[in-house]
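Notes follow once the structure below has been shown.
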Ligand code: GLU
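In this note's numbering, the protein residues as written are 46 to 523.
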């Protein structure tokens with residue numbers, strides 16, 4: 046049997062971290078089994094439809110490396126072709142569904158009643174057994190109707206199997222006769238999703254746990270349609286650190302936001318894979334190819350998975366150091382471009398080399414490197430290392446200024462470091478009298494990359510100007 050999985054998002058304009066996990070797990074399982082990963086756009090709720098969202102989503106999946114196989118199925122197109130309507134009427138003909146003519150006003154009243162009595166909102170079944178005469182009458186009048194699923198009148202529990210949750214049992218008495226086809230002829234999620242999972246030959250339905258309550262309805266639909274039921278895997282909820290359901294209120298939830306901040310796709314994918322899955326040992330770093338090899342649906346946990354931004358930061362820092370930094374210059378510069386738009390490629394790489402070991406995301410590069418373009422104001426006292434004196438610092442800076450001014454060797458961090466060391470010794474000074482004030486003079490900051498890395502990046506002219514400025518500041522302060 047060829048394994049077929051699917052990702053079935055509703056195009057709401059952005060991809061939720063939970064959506065990425067569903068897509069990733071579905072992709073991994075399909076690829077691991079040399080099967081197919083299909084994409085289906087669930088866009089029949091036209092109120093929620095966002096213009097351009099589908100195109101954006103497809104582009105994003107490609108960018109993340111989760112390329113869907115085969116044709117993309119778009120539900121609004123299938124709806125327009127009458128496919129779901131036909132299926133809904135088929136169920137009516139077989140006695141598993143019925144026309145419901147109740148007005149929205151009546152249903153609203155019913156809802157309020159239930160709310161007052163603190164009961165779950167259920168359809169009361171008024172149209173379930175309408176007399177043929179009254180159905181004919183409605184038909185003649187053209188009363189608008191919806192089609193509802195007939196939940197069986199049984200005291201037996203409805204059983205469904207889930208690969209993560211085991212056998213789940215639902216009491217039919219708690220289920221409502223769900224709407225399958227709306228009065229505008231559009232299908233609801235339940236109908237469209239079952240019809241299409243069948244149409245796309247899906248063997249493994251992998252989706253978030255929030256869909257588990259829909260499982261009994263889907264199980265009934267599979268039975269009524271006489272479709273082969275796929276295997277279900279409802280992935281554990283993704284939680285905020287306080288264990289509430291992951292939401293915008295406590296942090297960012299869209300994949301696009303993380304990409305815009307300069308989180309690498311490799312880091313996002315590696316981290317998101319661990320939201321509910323782990324390899325069973327202490328390995329943490331997995332490329333997409335390694336995930337495909339190691340991923341097992343059987344290893345998915347039931348317990349909610351906490352989304353930790355700190356852990357994602359850790360992953361991103363790892364991928365920046367170990368996969369981005371060694372990239373060929375052209376490729377590196379291309380990745381950096383959106384984060385340092387005003388620089389040349391060479392300068393971008395220069396900035397990256399100064400900071401890549403300490404950043405969590407690429408967006409931080411612009412902020413961290415602001416002082417390279419414009420020296421911030423700083424107090425002259427910052428120039429003096431805690432074990433040094435004004436006098437020693439002044440002579441250290443003056444010696445460094447002369448040295449930089451005269452330096453004729455290639456202007457590289459290594460030569461400059463040797464040069465500064467030499468003058469430190471020659472003047473009987475310590476590193477704190479020379480390297481510290483030079484670093485502050487070049488950055489204006491209490492913490493920054495090394496003075497010789499900074500000097501190499503700034504170039505001779507700017508280095509001499511900045512040191513000269515520090516020398517004058519100290520003179521004035523004395
Ligand atoms: N359209 C649903 C969603 O946005 C899909 C649920 C499913 O995978 O069946 O999550």
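Positions of the beta carbon are idealized from the N, C-alpha and C atoms, including for glycine.
It should be emphasised that the depicted structure is a prediction, and the values quoted were computed from it without experimental measurement.
From residue i to residue j, what distance separates their C-alpha atoms?
i: residue 205; j: residue 367; result: 45 Å
i: residue 509; j: residue 433; result: 22 Å
i: residue 116; j: residue 144; result: 33 Å
i: residue 276; j: residue 139; result: 25 Å
i: residue 125; j: residue 226; result: 13 Å
i: residue 236; j: residue 57; result: 20 Å
i: residue 109; j: residue 99; result: 15 Å
i: residue 339; j: residue 322; result: 10 Å
i: residue 241; j: residue 148; result: 29 Å
i: residue 415; j: residue 421; result: 9 Å
i: residue 439; j: residue 481; result: 12 Å
i: residue 497; j: residue 507; result: 13 Å
i: residue 384; j: residue 519; result: 36 Å
i: residue 410; j: residue 334; result: 29 Å
i: residue 265; j: residue 180; result: 25 Å
i: residue 76; j: residue 342; result: 13 Å
i: residue 463; j: residue 371; result: 26 Å
i: residue 120; j: residue 89; result: 6 Å
In its own chain, which residues sit with a C-beta less than 8 Å from the C-beta of residue i, not counting the 5 before and 5 after it?
i: residue 512; result: 442, 445, 446, 449, 483, 486 and 487
i: residue 80; result: 47, 48, 49, 50, 74 and 248
i: residue 503; result: 417, 487 and 511
i: residue 426; result: 522
i: residue 161; result: none
Grab me the residues of residue i's own chain with a C-beta within less than 6 Å of its C-beta, minus the 5 sequence neighbours each way, in chain order.
i: residue 283; result: 63, 291, 320, 350 and 352
i: residue 272; result: 243
i: residue 72; result: 82 and 111
Is any non-hydrogen atom of the ligand NAD found closer than 7 Å to the C-beta of residue i, if you look at the structure I gave you?
i: residue 135; result: Inclusion of the ligand NAD in the displayed structure is not the case, the ligand content consisting of the ligand GLU alone.
Shorter than 7 Å, the distance from the beta carbon of residue i to the closest heavy atom of the ligand GLU, or not?
i: residue 275; result: no
i: residue 129; result: no
i: residue 252; result: yes
i: residue 74; result: no
i: residue 53; result: yes
i: residue 238; result: yes
i: residue 59; result: no
i: residue 87; result: yes
i: residue 30; result: The question about residue 30 has no answer, for the chain in this structure spans 46 to 523.
i: residue 256; result: yes
i: residue 234; result: yes
Can the beta-carbon of residue i be found less than 8 Å from the beta-carbon of residue j?
i: residue 69; j: residue 317; result: yes
i: residue 217; j: residue 233; result: no
i: residue 435; j: residue 523; result: yes
i: residue 314; j: residue 280; result: no
i: residue 213; j: residue 207; result: yes
i: residue 194; j: residue 262; result: yes
i: residue 245; j: residue 83; result: yes
i: residue 456; j: residue 515; result: no
i: residue 472; j: residue 298; result: no
i: residue 393; j: residue 382; result: yes
i: residue 220; j: residue 196; result: yes
i: residue 379; j: residue 307; result: no
i: residue 363; j: residue 330; result: yes
i: residue 505; j: residue 452; result: yes
i: residue 437; j: residue 465; result: no
Taking 7 Å as the limit between beta carbons, can you name the residues of its chain near residue i, skipping five residues before and five after?
i: residue 191; result: 145, 224, 226, 227 and 228
i: residue 325; result: 344
i: residue 53; result: 85, 87 and 238
i: residue 476; result: 469
i: residue 202; result: 214, 215 and 216
Query raised in the report: Fully enclosed by the stretch 244-322, which alpha helix (DSSP H) runs are 4 residues long or longer?
Result: Taking 4 residues as the minimum length, the alpha helix (DSSP H) runs contained wholly in the stretch 244-322 are 260-270, 300-305 and 310-318, in order along the chain.
Query - Sequence ranges, alpha helix (DSSP H) only - wholly within the stretch 141-205, length at least 4 - result: For the stretch 141-205, whole alpha helix (DSSP H) runs of length 4 or above, ordered along the chain, are 149-161 and 177-186.
Query raised in the report: Counting only runs that start and end within the stretch 410-498, where is the alpha helix (DSSP H) found for 4 or more residues in a row?
Result: Runs of the alpha helix (DSSP H) inside the stretch 410-498: 415-418, 435-451, 458-471 and 476-488.
Requested in this report: Taking only runs that begin and end inside the stretch 77-136, name each unbroken beta strand (DSSP E) of 3 or more residues, in chain order.
Outcome: Counting whole runs of 3 or more residues, the stretch 77-136 contains the beta strand (DSSP E) stretches 81-86.
Query raised in the report: In the stretch 364-393, which residue ranges form an unbroken alpha helix (DSSP H) of at least 4 residues, counting only runs that do not cross its ends?
Result: Restricted to the stretch 364-393, the alpha helix (DSSP H) segments that are unbroken, complete and at least 4 residues in length are 374-381, listed in chain order.
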